[in-house]
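Here the structure comes first, spelled out in structure tokens, and everything after it is commentary.
Numbering (my numbering), first residue to last: 188 to 491.
Set out below in structure tokens:
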């Protein structure tokens, strides 16, 4: 007879499955200690970005009040966030879940900036987690969606999309600040013919860029009046956003150039198309130097 199921073990909420792309091929290609070290460093980086066993006290306390759990299995990350938690009682379920999905986007963007490409799926459902036992239809659905997505995106299931889109707490936001339309993006006809909603990490990351004022800029900032400081903040923010997008585009182009398998190149071509669409939307007339050329087989001159 199995152990008794309790509320502590049985939860309902969002369940994410995140996979590090190309991991198996990199394992097969290990020839030196340095190859092994680099792969291990990338795995550790991904785990840290998704806050697995964080040593940061603030992160640990935040996870506790949200009820968030992060598990790591080699190249995979599994994340669960329940609908009901201490924080949800104060902020509401909608805000807590949207915040957690946004954090997935930030982590994905940070990984891409390191040349680590991810794919994932997120579903809404229940899970039973007790010691080494994990049983969850939501995990099965998230895992299946991760494979079906076929490109470097974190896709969400129709069930999760419907739950959040119809959540009553959306009504508390005015249209200009309502987060739903910014966090999710619909992409039709992926390379495998599928259509999916996914977390729009590029938009989220660009809107989350925070410039650092250091050196001579700091001296000028401290000596400026209020209007001057505001102009400097705007200029530095625009510059930081451009640098982020520039780096993002170059990393995609470099990854495509190194790919030797057609199906892998196709993934980077999709990512380049996504990059260009979001960069054009975000930067408008200033986007051109930050775009990836449509023909990725040509030498890229991003930023020139």
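Using N, Cα and C, we set each Cβ at its ideal position, and we do this for glycine too.
Taking a 10 Å sphere around the C-beta of residue 203, we find 16 or more other C-beta atoms and assign the residue as buried. In the three-state DSSP reduction, residue 448 falls in the coil class, being neither helix nor strand.
In this structure, the beta-carbon distance from residue 376 to residue 387 does not fall below 8 Å.
Short of 6 Å from the beta carbon of residue 304, and not among the five residues preceding or following it, lie these beta carbons of its own chain, in chain order: 208, 339. Going by DSSP, residue 231 is part of the alpha helix (DSSP H) stretching over 220-236. Fewer than three beta-carbon pairs drawn from the segment 315-327 and the segment 288-304 are found closer than 8 Å, and the two stretches are therefore not classed as touching. Under the DSSP definition of a beta bridge, residue 398 lacks any partner.
By the neighbour-count definition (other C-beta atoms within 10 Å, threshold 16), residue 424 is an exposed residue.
Scanning its chain for C-beta atoms nearer than 6 Å, with the 5 sequence neighbours on each side dropped, one finds around residue 324 the residues 312, in chain order.
Listed in chain order, the non-local C-beta contacts of residue 261 below 8 Å within the same chain comprise 210, 230, local neighbours out to five positions each way being set aside.
Separation of the CB atoms of residue 233 and residue 201 is rounded to 19 Å, and the pair is thereby denied contact status at 8 Å. In the DSSP assignment, residue 267 falls outside any alpha helix (DSSP H) and lies within the beta strand (DSSP E) extending over 263-269. Burial of residue 237 is indicated by the presence of at least 16 other C-beta atoms within 10 angstroms of its C-beta. Residue ranges of uninterrupted alpha helix (DSSP H) with 4 or more members, entirely inside the segment 270-355 and ordered along the chain, are 273-278, 280-300, 324-336, 345-352. When the alpha-carbon of residue 426 is set against those of 335, 345, 240, 470, the nearest one is in 470.
In this structure residue 384 touches residue 342 by the C-beta definition: roughly 7 Å separates them, less than 8 Å. Of all alpha-carbon atoms in 355, 289, 256, the one lying nearest the alpha-carbon of residue 315 is that of 256.
With contacts defined by Cβ atoms closer than 8 Å, residue 366 and residue 285 form a contacting pair.
The beta carbon of residue 223 sits closer than 6 Å to those of 217, all from its chain and outside the five residues before and after it, given in chain order. Excluding sequence positions up to five before and after residue 275, its CB lies within less than 6 Å of the CB of 283, all in the same chain and listed in chain order. In the structure shown, residue 195 adopts coil according to DSSP, grouped into three states. If you draw a straight line from the Cα of residue 326 to the Cα of residue 259, it comes to about 14 Å. Here DSSP, grouped into helix, strand and coil, assigns residue 200 to strand. Residue 334 is classed as exposed because its beta carbon has fewer than 16 other beta carbons within 10 Å across all chains shown.
Here residue 439 is not bridged, per DSSP, to any residue.
For residue 228, there are no CB contacts under 7 Å within the same chain when 5 residues up- and downstream are skipped.
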